[in-house]
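Each residue of the sequence shown is one higher than the last, beginning at 2 in my numbering.
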Amino acid sequence: MKRVVVTGIGAITALGSSSKTTWDNILESKSGAKEARGFDLSGLRSTVACQLPPKGDPDEFRPEDWLTPKEIPRVDPFIQYGIAASKQALEDAGWNPSDNFERERTGIYLGSGIAGLQRISTNTQILDERGPKRISPFFVPGSLANMTGGYLSIEFGFGGPNLAVSTACSSGAHAIGESARIIQWGDADVMIAGASEASVCRLAIAGFAAARALSTSFNDTPQKASRPWDRARDGFVIGEGAGVVILEEYEHAKKRGAKIYCELSGYGMSGDAHHITAPPENGKGAQRAMVRALETAQLSPSEINYINAHGTSTPLGDIVEVRAIKSVFGSHADNLAISSTKSSIGHLLGAAGSVEAVVSILALKNNIAPPTLNLENPDEECDLNFVPHRAQERPINHVISNSFGFGGTNASLLFSKLDS
């Protein structure tokens, strides 16, 4: 089986418009949660969000740095974020082939959980208030989940597999795992993989709040709202951004002298077959995904050092994941460092898994487990090392990153330091 390595990373989050800034701010235990801005908050039960740094911030997201002036108004923000993170990752990997063969051996697998929700919501209002003639011809192509990859393919001439995935909050992880399989099967040598999301809007918050998924008790103290495994947790904080990795066949990367972060050594996925939004209380689906990742990596549970948990800060989900971890790892669970990046940058829905993959890769590279914020009074069953408040330096050779989505769709990625 061909080996797959990571040669580039890119990320855009509420804590920074690059993977480095995001990582540095996570390690400083900063939170990106604030009162949501940009739309009417009246009547909303939840008013907290992790949005990208605003205009005027030293680290503001500038779409004009990544897209042409004509492109910017034509596409939903999730496409802007995905293009930006992809270009960051390509630059980091030093991959911009001029040879036609190499371009045709480069593929794209970028997903989104909800895709162009902001654009759909806005254009629905335009249609109702101003009529069909006011709808832009770019409305549909600027909202589609696969269009991030479309724009990148056209700009760079990448003629390899060009796919999109939408598996709720597992989208980014599935895109990365499936990209590895594409390389292993020989359909590409390089894959741009990940996901983006820009669903922080009035419609999304109203919808998730109606489903009782969002935190509603910390509107006056936004930075306290995301609190995985804490007894006061009452739902997730919605976030936005993108995470992208460049995956490459090992021999291809070695031949061109690429910088290699790590190996994507394992990948597992499963279905809960249980409920549209709630996981089974025994965590069997999550267990199967982690076990399969270990099997494909040919590793034992005792060899894992850190888990970047799904850890959304929901009452049921957090406990179920702990039960799943204890079931898979047994007594070794007490030796693990486990943390939730969502406590810092919110829940990026479809992009969560790919951003957390970037964080996991950096944790592996730097031997640092990032912190879980706001863990002040852990739930009774949550008695493991969740890296509360401050990052922990420790040897890390193998990392699992978990993502679980509505509909019971699960994914676990396993990254390892390169052994040769």
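For every residue, glycine included, the Cβ atom is placed at its ideal position computed from N, Cα and C.
Close Cβ partners of residue i (< 8 angstroms) along its chain, the five nearest in sequence each way excluded
i, result
"V292", "G269 and V329"
"L128", "R135 and I136"
"R324", "E282, N283, G284 and E382"
"G331", "P302"
"P396", "N306 and N368"
"A233", "S218, E377 and N378"
"D58", "none"
"S154", "I109, G160 and N163"
"H390", "S30, P372, T373, L374 and L376"
Same chain only: Cβ atoms within 6 angstroms of residue i, ignoring 5 sequence neighbours per side
i, result
"K327", "A334"
"M2", "Q185"
"A210", "R46 and S47"
"T1", "Beyond the ends of the chain as shown, which are 2 and 421, falls residue 1; an answer cannot be given."
"D420", "none"
"T168", "H175, G406 and T410"
"V388", "A338, S340, A370, P372 and T373"
"N147", "A165"
"I73", "P64"
"D188", "P162"
"D190", "R106, E250 and H253"
"A298", "S266, G267 and L415"
First through last residue of the alpha helix (DSSP H) which encompasses residue i
i, result
"G318", "P316 to F330"
"Y82", "P78 to A94"
"A358", "A353 to N367"
"N101", "N101 to E105"
"E130", "L118 to R131"
"A176", "S172 to Q185"
"V191", "No alpha helix (DSSP H) holds V191; the beta strand (DSSP E) holding it covers V191 to E198."
"S1", "There is no way to answer for residue 1, as the model of the chain reaches only from 2 to 421."
"S345", "K343 to I346"
"V292", "K285 to A298"
"I277", "Unbroken run through I277: none, as it is neither H nor E."
"I206", "R203 to A211"
Enclosing beta strand (DSSP E) for residue i [first to last residue]
i, result
"N403", "H399 to G406"
"N26", "Segment S20 to L28 is the alpha helix (DSSP H) holding N26; no beta strand (DSSP E) there."
"V238", "Neither: V238 is in no beta strand (DSSP E) and is coded neither H nor E."
"I73", "It is not in any beta strand (DSSP E) - I73 carries neither H nor E in the DSSP assignment."
"I305", "First-last for I305: undefined, no H or E at that position."
"A141", "Correcting the residue identity first, residue 141 is Val in this sequence and not Ala. Careful: V141 lies outside any beta strand (DSSP E) and carries neither H nor E."
"V49", "V49 to C51"
Close-in-space but distant-in-sequence residues of the same chain around residue i (CB under 7 angstroms, 5 per side omitted)
i, result
"E394", "N368 and I369"
"S303", "H333"
"I13", "L53, F62, Y82, A85, A86, G242 and A243"
"E36", "T48, V49 and P223"
"A181", "V5, L248, L265 and Y268"
"K418", "C263, L365 and N398"
"C202", "F40, L118, Q119 and S122"
Beta bridge counterpart(s) of residue i as assigned by DSSP
i, result
"S417", "E264 and H399"
"V7", "L248 and C263"
"A12", "G244"
"D231", "P379"
"A338", "Y307"
"P389", "T373"
"T410", "G272 and G406"
"E394", "I369"
"K35", "A50"
"I109", "N163 and I193"
"L349", "L349 is not bridged to any residue."
Nearest-angstrom Cβ-Cβ length linking residue i and residue j, presumed shorter than 8 angstroms
i, j, result
"E198", "I115", "7 angstroms"
"S227", "S314", "5 angstroms"
"V238", "I10", "Contact flag wrong, Cβ pair sits at about 24 angstroms."
"S301", "R289", "Not confirmed; about 17 angstroms, so no contact."
"D231", "N375", "6 angstroms"
"I346", "G33", "5 angstroms"
"A194", "A352", "About 12 angstroms; that fails the 8 angstroms criterion."
"G240", "A412", "About 18 angstroms separates the two Cβ atoms, so there is no contact after all."
"C170", "S404", "6 angstroms"
Do three or more CB pairs link the stretch 244 to 259 to the stretch 373 to 384 at distances below 8 angstroms?
no
Any chance the stretch 283 to 299 sits against the stretch 242 to 257, with 3 or more Cβ pairs inside 8 angstroms?
no
Do three or more CB pairs link the stretch 88 to 105 to the stretch 155 to 175 at distances below 8 angstroms?
yes
Below 8 angstroms, can you find three or more Cβ-Cβ pairs linking the stretch 347 to 366 to the stretch 216 to 224?
no
Would you say the stretch 278 to 287 touches the stretch 23 to 31, given that touching needs at least three Cβ pairs under 8 angstroms?
no
Taking 8 angstroms as the cut-off, does the stretch 244 to 255 touch the stretch 64 to 71 (at least 3 CB pairs, one atom from each stretch)?
no
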